[in-house]
Amino acid sequence: MPGFEAVPDATPIGDVSHLIPKHIETQTQLNEYEAYNIAQATRKYLLKRRKYLMTVEFIKKVHKEMFEQTWTWAGTFRTVSLNLGVEPIQIPIEIYNLAKDIEFWEKNNTLSVFDRSVYIHHRLVKTHPFFNGNGRHARLISDIFLFGRGEKLPNWPDKELIEKTKIRETYIKSMQEADRGNYGPLEAFCRELIN
Ligand SMILES: Nc1ncnc2c1ncn2[C@@H]1O[C@H](COP(=O)(O)OP(=O)(O)OP(=O)(O)O)[C@@H](O)[C@H]1O
Ligand SMILES: [Mg+2]
């Protein structure tokens, strides 16, 4: 970006046209700003146990609250194709189907709450409904789901998951296995983070 100073040890961020704060120049600053924004949403939902219904509106609202101080597209479904996720036209129906599946599991008491949370996490990431922040959103939705239903939460290694680490590699591999219908590795990954 014109006028942006190069800061050592930090990647300059690419597309800033949808970025709300104007002072951010590097990926490190952006990560911190996003984390601060996300922490506010996290506090709202993970301090007091309350059972939220996982409707389409709620799923969008949480993304909005996580990123609304940072990105203009917070809480709105993406309209462009990415190398991950479904085509934009499929997003509303995919999220609607997910919400309906969650309702079905709860009504019929099928699957454990933990297994449901793993499916929800994977379905959100696989659909990739938003332009960015899908991983963090999927993990928070999974947390809100578990917390409101009396369960313990995985202790997500947030920092390692954002950066290129072995943990992230294992996480992505387990997502890819889940894409192929094998949920074992993702279940094991999430379960190991619960203590
Ligand atoms: N090659 C891949 N195959 C399947 N899923 C992937 C792949 N690469 C990334 N993902 C999933 O997509 C998520 C990243 O999507 P996105 O960048 O929208 O989310 P994020 O919150 O910004 O990232 P992160 O999860 O790294 O914090 C990852 O968390 C992972 O779950
Ligand atoms: Mg991202």
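The numbering used here numbers the first residue of the sequence shown as 12 and each following residue consecutively.
Ideal Cβ placement from N, Cα and C applies to all residues, glycine included.
Open item on the list: Looking only at its chain, what residues have a beta carbon closer than 6 Å to the beta carbon of Asp-166, apart from the 5 residues adjacent to it on each side?
Closed with: A small correction: the amino acid at residue 166 is Asn; Asp does not occupy that position in the sequence shown. The answer, listed in chain order, is Leu-204.
TODO: Just the C-alpha distance for Leu-33 and Thr-81, rounded to the nearest angstrom, thanks.
DONE: The sequence shown places Lys at residue 33, rather than the Leu named in the question. Cα to Cα, the separation comes out at about 10 Å.
TODO: With a threshold of 7 Å, establish whether the CB of Gly-144 neighbours any heavy atom of ligand 2.
DONE: Indeed, a heavy atom of ligand 2 lies less than 7 Å from the Cβ.
Task: Residues near Glu-76 by beta carbon distance below 6 Å, same chain, minus five either side - done: Closer than 6 Å at Cβ, skipping near neighbours: Ala-52.
Task: Tyr-47 classed as buried or exposed, judged by whether at least 16 other C-beta atoms fall within 10 angstroms - done: Label assigned to Tyr-47: exposed.
Open item on the list: Given a cut-off of 8 Å on the beta-carbon distance, is the pair Ala-110 and His-132 in contact?
Closed with: No, Cβ-Cβ distance for Ala-110 and His-132 is not below 8 Å.
Open item on the list: Whole angstroms are fine: how far does the CA of Gly-86 sit from the CA of Pro-13?
Closed with: Residue placement at Pro-13 is poorly supported in this model, since its pLDDT is 41, which falls under 50; the coordinates are not used for a value here.
Open item on the list: I'd like to know if the region 56-70 and the region 146-161 are in contact, where contact means that at least 3 CB-CB pairs between them fall below 8 Å.
Closed with: Yes: the two stretches touch, three or more of their Cβ pairs being nearer than 8 Å.
Task: Boundaries (first-last residue) of the alpha helix (DSSP H) holding Ser-185 - done: That run of the alpha helix (DSSP H) goes 177-190.
Open item on the list: I'd like the list of long-range same chain contacts for Arg-60, defined as Cβ closer than 8 Å, with 5 residues on each side in sequence excluded.
Closed with: Counting only residues of its own chain and dropping the five nearest sequence neighbours on each side, Arg-60 has a CB closer than 8 Å to the CB of Phe-158, Gly-159, Gly-161.
Task: Inter-residue CB distance, Pro-168 and Lys-184 (contact presumed, cutoff 8 Å) - done: Contact flag wrong, Cβ pair sits at about 15 Å.
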